[in-house]
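Quick note, in my numbering, the sequence shown goes up one by one and the last residue is 357.
Glycine residues also receive a C-beta, built at the ideal position from the N, C-alpha and C atoms.
First comes the structure, then the notes that go with it.
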Amino acid sequence: MKNQLEKIRQSALEAVKSADMMQDIEALRIKCLGKKGELTAILKQMGKLSAEERPAIGQLANEIRGKIEQAIEEKTKEIKRKEQEAKLLSEKIDVTLPGKATKLGSRHPLTVVLDDIKEIFVGMGFDIVDGPEVELDYYNFEALNIPKDHPARDTQDTFYITDNIVLRTQTSPVQIRVMEQQKPPIRIISPGRVYRSDAVDATHSPVFHQIEGLVVDKGITFADLKGTLETFVKRLYGEDTVVRFRPHHFPFTEPSAELDVQCFNCHGEGCRLCKGEGWIEILGCGMVHPDVLRNGGIDPEEYSGFALGYGLERVCMRRYGIDDLRLFFENDVRFLKQFD
Ligand code: DAH
């Protein structure tokens with residue numbers, strides 16, 4: 018029996034030594050010290066021993082039990098310590114690593130140009146106003162001298178929501194809304210989205226942006242229009258920009274004009290950029306038609322004014338040399354991040 022005990026001691030202590038996982042230790046504890054364990058089995062046979070042998074064997078068995086328990090306890094501590102170390106190691110943070118900077122977005126190129134334009138007009142005493150994109154036919158057309166059968170409607174392919182409601186085809190309806198709400202002096206610009214049912218290509222989009230301008234006061238003349246617009250264009254494109262006003266027709270202004278700037282590339286000679294013209298068309302403008310003033314509740318005998326309408330995409334394309342309108346709306350960050 019003594020031999021058996023010694024064998025158990027030896028094999029148990031060796032097994033504890035080589036164990037390196039908690040479940041090995043637990044299995045071992047059950048195998049040796051458990052109710053049906055090896056050591057317990059031996060102790061159960063003690064009754065068969067003679068009275069002389071019993072104390073010595075009992076003492077040995079207890080000693081072995083104590084040793085095994087101690088070895089198990091030590092090993093358990095060691096395994097737990099190792100597990101803790103491994104956990105700490107895996108969770109280690111290198112505080113010397115450079116941080117991850119939050120990336121800020123950039124302004125859309127159209128916003129960059131629009132912000133410049135706003136700044137110029139605000140510097141000249143203009144307010145910035147907003148108007149609805151879903152607009153009554155009345156404001157978008159009728160009140161601007163474009164009745165139902167007017168040919169100007171053909172050039173502005175309209176998205177109709179109902180017979181009376183459209184997606185605005187221009188920012189000009191804001192003129193009427195402002196005049197209805199505000200008495201002169203009026204000096205506003207109104208930038209925003211406009212819609213026309215055009216097929217998408219490099220120069221057309223069913224949604225694009227315009228900037229409307231309106232000035233109404235006593236004694237406003239064509240000279241004010243020319244002075245204001247020339248100042249605006251020179252601030253935007255540079256002081257050496259050469260401009261010309263060319264007669265044109267708009268239903269809501271009389272007289273009407275288009276403002277051209279001399280081609281920056283060929284200085285009037287004619288080149289690919291200006292399609293051989295020497296001049297590039299920039300905006301439409303004119304003296305507000307007396308009927309339009311009247312529709313806005315303003316007496317044309319007392320007041321006069323000028324207006325302008327300006328396409329944002331075209332200006333932006335020219336400034337940055339962008340040759341395809343679709344790039345503005347595709348939201349490809351590789352394109353968008355280049356401008357701000
Ligand atoms: N609304 C015109 C268009 O979409 C642009 C325009 C021209 C606006 C002359 C004006 C203006 O206010 O005076 O083509």
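Exercise. Output the boundary residues of the alpha helix (DSSP H) element that contains Asp234.
Key: The residue labelled residue 234 in the question sits at position 217 within the sequence shown. Under the DSSP assignment, Asp234 falls outside any alpha helix (DSSP H), being part of the beta strand (DSSP E) whose first and last residues are Val224 to Asp234.
Practice problem: Identify which residue in Met63, Ala44 and Asp37 has its Cα closest to the Cα of Leu22. | Solution: For the purposes of this step, residue 22 is identified with residue 5 of the sequence shown, where counting begins at 1. The shortest C-alpha separation from Leu22 is found at Met63.
Quiz item: Should the region 199-217 be called in touch with the region 250-265, which here means at least 3 C-beta pairs below 8 Å?
Solution: no
Practice problem: Would you list the residues sitting across from Ala324 in a DSSP beta bridge? | Solution: Numbered from 1 along the sequence shown, position 307 holds the residue referred to as residue 324. Its beta-bridge partners are Leu231 and Gly303.
Practice problem: Compare the Cα-Cα distances from Phe267 to each of Leu325, Gly116 and Glu330 and report the closest residue. | Solution: Walking along the sequence shown from the start, residue 267 turns up at place 250. Of the candidates Leu325, Gly116 and Glu330, the one whose C-alpha sits nearest the C-alpha of Phe267 is Leu325.
Quiz item: Using a threshold of 7 Å, is the CB atom of Glu247 nearer than that to any non-hydrogen atom of ligand 1?
Solution: Here the question's residue 247 lines up with position 230 in the sequence shown. A distance criterion of 7 Å places the beta-carbon of Glu247 beyond contact range of ligand 1, judged by its closest non-hydrogen atom.
Self-check item: Opening and closing residue of the alpha helix (DSSP H) in which Thr57 lies
Solution: Locating residue 57 in the sequence shown gives position 40, counting from the first residue. Per DSSP, Thr57 belongs to the alpha helix (DSSP H) from Glu55 to Lys61.
Practice problem: Tell me the start and end of each unbroken alpha helix (DSSP H) in the region 181-207 that is at least 4 residues and wholly inside, in chain order. | Solution: 190-198
Self-check item: Candidates Asp340, Leu66, Ala88 and Arg336: closest to Ala219 by CA position
Solution: Residue mapping note: residue 219 aligns to position 202 of the sequence shown, counting from 1. Among Asp340, Leu66, Ala88 and Arg336, the Cα nearest to that of Ala219 is on Asp340.
Exercise. Please classify Gly244: does DSSP put it in a helix, a strand, or coil?
Key: Within the sequence shown, residue 244 is the residue found at index 227, counting from 1. It is helical.
Quiz item: What residue does the beta strand (DSSP E) around Pro264 start on, and which one ends it?
Solution: Numbered from 1 along the sequence shown, position 247 holds the residue referred to as residue 264. Looking at the DSSP string, the run of the beta strand (DSSP E) that includes Pro264 is Val260 to Phe267.
Quiz item: Skipping 5 residues on each side, what residues in its chain have a beta carbon closer than 7 Å to that of Asn312?
Solution: As a first step, residue 312 is located in the sequence shown; it is residue number 295 there, counting from the start. Around Asn312: Ala160 and Ile193.
Quiz prompt | Cross-strand partners of Ser273 (DSSP beta bridge) | solution = Stepping through the sequence shown from its first residue, residue 273 is reached at position 256. Ser273 pairs with His265 and Gly303.
Quiz item: Should Gln227 be counted as a contact of ligand 1 given a C-beta to heavy atom distance under 7 Å?
Solution: Counting from 1 along the sequence shown, the entry for residue 227 is found at position 210. Indeed, a heavy atom of ligand 1 lies less than 7 Å from the Cβ.
Quiz prompt | Which of helix, strand or coil DSSP assigns to Glu86 | solution = Taking the sequence shown and counting its residues from 1, one reaches residue 86 at position 69. In this structure, Glu86 counts as helix in the three-state DSSP scheme.
Quiz item: Does DSSP put Gln279 in a helix, a strand or coil?
Solution: Within the sequence shown, numbered from 1, the residue matching residue 279 stands at position 262. Strand, per DSSP.
Quiz item: Once you ignore the five residues that flank Glu298 on each side, which residues in its own chain have a CB closer than 6 Å to its CB?
Solution: By one-based count along the sequence shown, residue 298 stands at place 281. Excluding sequence neighbours, Glu298 sits near Glu275 and Asp277.
Quiz item: From what residue to what residue does the alpha helix (DSSP H) around Leu153 run?
Solution: Along the sequence shown, read from residue 1 onward, the residue named residue 153 stands at position 136. No alpha helix (DSSP H) contains Leu153, which is instead part of the beta strand (DSSP E) from Val151 to Leu153.
Quiz item: In angstroms, rounded to a whole number, what distance separates the CA positions of Ser321 and Asp349?
Solution: Numbered from 1 along the sequence shown, position 304 holds the residue referred to as residue 321. Numbered from 1 along the sequence shown, position 332 holds the residue referred to as residue 349. Roughly 45 Å separates the two Cα atoms.
Quiz item: Between Val195 and Val305, which are expected to be in contact by the criterion C-beta below 8 Å, what is the C-beta distance as a whole number of angstroms?
Solution: As a working mapping, residue 195 is identified with position 178 in the sequence shown. As a working mapping, residue 305 is identified with position 288 in the sequence shown. Incorrect: roughly 11 Å between the Cβ atoms, too far for contact.
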